[in-house]
Amino acid sequence: MNIAFVSSEVVPFAKTGGLADVVEALPRELEKLGHNPIVFVPAYRQARRCGMPLEPTDMEVSVVVGSKVVPGRVLRSHLPQSRVPVFLIEQDSYFDRPQLYRENGSDYKDNCERFAFFCRGVMQALGAIGMPIDLLHCNDWQTGLLPAYLRIERAHLPFYNRMATLLTLHNMGYQGRFWHWDMLLTGLDWKYFNWHQMEFHGELNLLKTGIVFADAINTVSPQYAREIQNEPWGHGLEPVLRHRSDVLSGIINGVNYDTWDPRHDPLIPATYDETSWVAGKAKCKAALQHELGLSVQADSPLVGLVGRLAEQKGWDLVGALMERLASSRDVQWAILGTGEEHYHELLHRLSRRHPDRVSARLEFSDALAHRIEAGADMFVMASRYEPCGLNQLYSLRYGTVPIVHRTGGLADTITDATPENLAASRANGFSFGNYGIADLEETLMRACHMYVHEPAQWAQLVETGMRQDWSWAHSARRYVDLYSQILARKQP
Ligand code: ADP
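The numbering of the sequence shown is the working numbering, which starts it at 10 and goes up by one.
Structure (structure tokens):
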């Protein structure tokens with residue numbers, strides 16, 4: 010199959026979150042399976058400085074955006090360690106900026122214009138490249154206009170009329186909502202601005218547009234695909250998603266074990282596997298405690314947390330629990346994250362008050378994220394909702410037992426250490442169903458109790474998690490099946 014990925018992020022060209030990892034890993038796996046993926050991404054300043062070679066091509070685009078005609082060029086590169094071509098749509102006034110979407114706490118005012126240009130630019134570049142594409146794999150709101158452009162403007166043209174579209178929803182919390190006059194920038198007729206298609210509560214909604222016009226939709230875990238059809242997890246779009254439930258499915262993201270595996274991770278102080286983890290993790294833990302200024306105690310449970318400091322990730326709950334436990338219990342916390350200011354203040358305060366038990370590094374550091382995964386005993390993810398989540402999967406491989414809220418991808422990947430699940434050797438972590446501090450505390454205490462008093466059961470949990478395979482090879486095969494189903498419907 011010839012598959013064109015269109016995304017606003019892809020590693021190493023541009024990244025703010027998990028989307029960028031997916032759009033790097035999945036095309037590479039598809040190439041290994043014998044398919045022909047290509048990738049489109051904007052030529053951001055980040056992309057120009059990422060160190061990959063960017064070659065000019067003779068392809069140019071010329072896009073009508075509102076009352077302007079905006080020219081652009083197409084640059085060419087490839088994904089690292091592969092031959093997958095990456096085409097970058099260049100237009101400096103839109104993309105040569107310090108950040109991708111927002112600066113100083115507010116979104117760029119012309120985001121609708123920027124991504125309308127990107128989508129139309131991709132459509133033109135596809136024609137210029139000339140490779141017959143079977144499936145256009147769109148991602149998130151930034152590419153939501155593409156299925157609409159294809160269906161409304163191009164479906165009668167021979168090059169485009171058999172092209173199918175899939176839209177992957179990475180997070181329903183981000184929808185690309187703009188005031189209604191931005192409809193003019195899309196170049197589509199006002200007749201589409203209605204509540205069945207592009208309009209949502211008086212605004213233009215680009216994610217809704219994609220959901221309505223794509224041939225199929227998927228999310229990054231099966232459980233999240235179910236949850237978003239019910240309030241509040243569709244963030245208002247529940248009825249639209251229910252209407253499309255016959256073509257809505259979920260595929261869990263994979264892990265890149267080339268970079269996330271304690272067997273050969275160069276970023277951690279001692280490598281280890283499922284037979285040597287006791288000694289390996291002890292070294293990593295002592296080094297981490299030392300590095301973070303925590304008291305170096307081998308037997309206090311050390312809890313790791315890494316992630317965006319956003320409401321979605323459950324920091325209210327974790328912060329409240331830490332306040333309660335920090336002065337009374339023998340639990341240590343290693344926290345790494347950046348995001349909203351009030352969480353920075355909360356974590357700063359806790360780490361100042363309990364420097365031997367709480368460390369909060371408020372920065373982005375891939376290397377420290379690896380050292381926390383290796384050095385911590387357990388890893389908390391108390392997300393309110395979680396489309397897939399990657400850190401719990403890294404934790405499994407690093408023998409760091411996940412403690413999670415049973416939602417979305419966390420529910421699909423973590424099996425609670427109940428007596429039955431332990432007896433069946435299925436358990437790989439701890440989970441709680443009700444989002445609340447009492448349940449989180451009870452679950453953390455269950456984990457600490459097992460860690461301290463039942464080392465044999467703890468070892469079983471660690472080793473079950475370490476042996477599991479959540480690699481992209483599995484997930485990519487599921488995508489191939491999904492693509493085949495979509496094409497069979499589109500091209501009978
Ligand atoms: P999301 O995409 O919602 O932010 P995921 O768990 O799917 O959450 O992926 C987040 C990725 O970003 C993970 O690889 C995580 O380790 C990484 N990450 C997030 N915050 C930081 C940070 N402050 N330092 C290093 N890595 C981080």
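Ideal Cβ placement from N, Cα and C applies to all residues, glycine included.
Please name the residue in Ser254, Asp224 and Ile98 whose C-alpha comes closest to that of arginine 235. Ser254
Taking alanine 52 as the reference, which of Pro62, Pro46 and Gly43 has the closest Cα? Pro62
What residue does the beta strand (DSSP E) around glutamine 55 start on, and which one ends it? From DSSP, glutamine 55 is part of no beta strand (DSSP E) but of the alpha helix (DSSP H) over 54-57.
The ligand ADP and glycine 166: does the residue's C-beta get closer than 7 Å to at least one heavy atom of that ligand? Note on identity: in this sequence residue 166 is leucine, with glycine being the wrong assignment. Checking every heavy atom of the ligand ADP against the Cβ of leucine 166, none is found closer than 7 Å.
What would DSSP say about asparagine 203, mapped onto helix, strand or coil? coil
Excluding five sequence neighbours on each side, which residues of the same chain lie with their C-beta closer than 8 Å to the C-beta of alanine 329? In its chain, beyond the 5 residues on either side, Ile446 have a beta carbon closer than 8 Å to the beta carbon of alanine 329.
CB threonine 452 to CB isoleucine 412, shorter than 8 Å? yes
In the DSSP assignment, what residue or residues form a beta bridge with lysine 24? In the DSSP output, where bridge partners are listed per residue, lysine 24 has none listed.
Which residues neighbour the ligand ADP when neighbourhood means a C-beta less than 6 Å away from any of its non-hydrogen atoms? List them by chain order. Gly26, Gly27, Val315, Gly316, Arg317, Leu345, Gly346, Thr347, Phe373, Ser374, Asp375, Ala378, Cys397, Gly398, Leu399 and Asn400
Quick check: the Cα distance between serine 285 and arginine 160, rounded to an integer number of angstroms? 56 Å
Should methionine 140 go down as buried or exposed, given a rule of 16 or more other Cβ atoms within 10 Å for buried? exposed
Nearest-angstrom Cβ-Cβ length linking glycine 346 and glycine 316, presumed shorter than 8 Å: At roughly 5 Å, the Cβ-Cβ gap stays under 8 Å, so glycine 346 and glycine 316 are in contact.
Out of Ala319, Gln184, Asp143 and Asn400, point me to the one whose CA is closest to arginine 14's CA. Per the sequence presented here, residue 14 reads as phenylalanine, with arginine not at that position. When only C-alpha atoms are compared, the closest one is Asp143.
Put glutamine 298 into one of helix, strand or coil per three-state DSSP. helix
Quick one: is proline 559 buried, meaning 16 or more other Cβ sit within 10 Å of its Cβ, or exposed? Outside the displayed range of the chain (10 to 501) lies residue 559, so it cannot be described from this structure.
With a threshold of 8 Å, are at least 3 pairs of Cβ atoms found where one atom belongs to the stretch 363-372 and the other to the stretch 340-355? yes
Kindly indicate which three-state DSSP category isoleucine 47 falls into: helix, strand or coil? strand
Would histidine 379 be called buried (16 or more neighbouring beta carbons within 10 Å of its own) or exposed? buried
Between which two residues does the beta strand (DSSP E) carrying serine 102 extend? Looking at the DSSP string, serine 102 is not in any beta strand (DSSP E); the run it does join, the alpha helix (DSSP H), is 101-104.
Using DSSP's beta-bridge definition, name the partner residues of threonine 228. As DSSP reads the structure, threonine 228 sits in a beta bridge with Leu178 and Gly259.
If I measure Cβ to Cβ from glycine 182 and keep anything under 7 Å in the same chain, skipping five residues before and after, which residues do I get? His244 and Gln321
Would you mind reading off the limits of the beta strand (DSSP E) that contains lysine 77? 77-87
Helix, strand or coil: how does DSSP classify serine 404 here? In this structure, serine 404 counts as helix in the three-state DSSP scheme.
Buried or exposed for aspartate 191, going by 16 or more other Cβ atoms inside 10 Å? Within a 10 Å sphere around the beta-carbon of aspartate 191 sit 16 or more other beta-carbons, which makes this residue buried.
Those residues which DSSP pairs with isoleucine 412 across a bridge: Val389 and Phe439
Compare the C-beta of asparagine 11 with all C-beta atoms of chain D and state if any pair is closer than 8 Å. Any reference to chain D falls outside this structure, which holds one protein chain only.
Per DSSP, what are the beta-bridge partners of proline 94 in this structure? According to DSSP, proline 94 bridges with His87.
contact_flag[the stretch 164-182, the stretch 143-152] where n(CB pairs < 8 Å) is 3 or more: yes
So, at 7 Å on beta carbons, what are the nonlocal neighbours of valine 73 in its own chain, with the 5 sequence-adjacent residues on each side left out? Gly196
Given 7 Å as the limit, tell me if asparagine 11 has its C-beta closer than that to any heavy atom belonging to the ligand PLP. For the structure depicted, the ligand PLP is absent and the ligand set comprises only the ligand ADP.
Expressed to the nearest angstrom, what Euclidean distance is found between the alpha-carbon atoms of proline 36 and phenylalanine 441? 35 Å
Looking at the unbroken alpha helix (DSSP H) that takes in alanine 482, where does it start and where does it end? 481-499
When Lys499, Arg366, Glu349 and Thr473 are compared against asparagine 113, the one with the closest alpha-carbon: Glu349
Where glutamine 90 falls, given that 16 or more other Cβ within 10 Å makes a residue buried: exposed
Could you tell me the distance, in whole angstroms, from the CA atom of arginine 92 to the CA atom of proline 46? 10 Å
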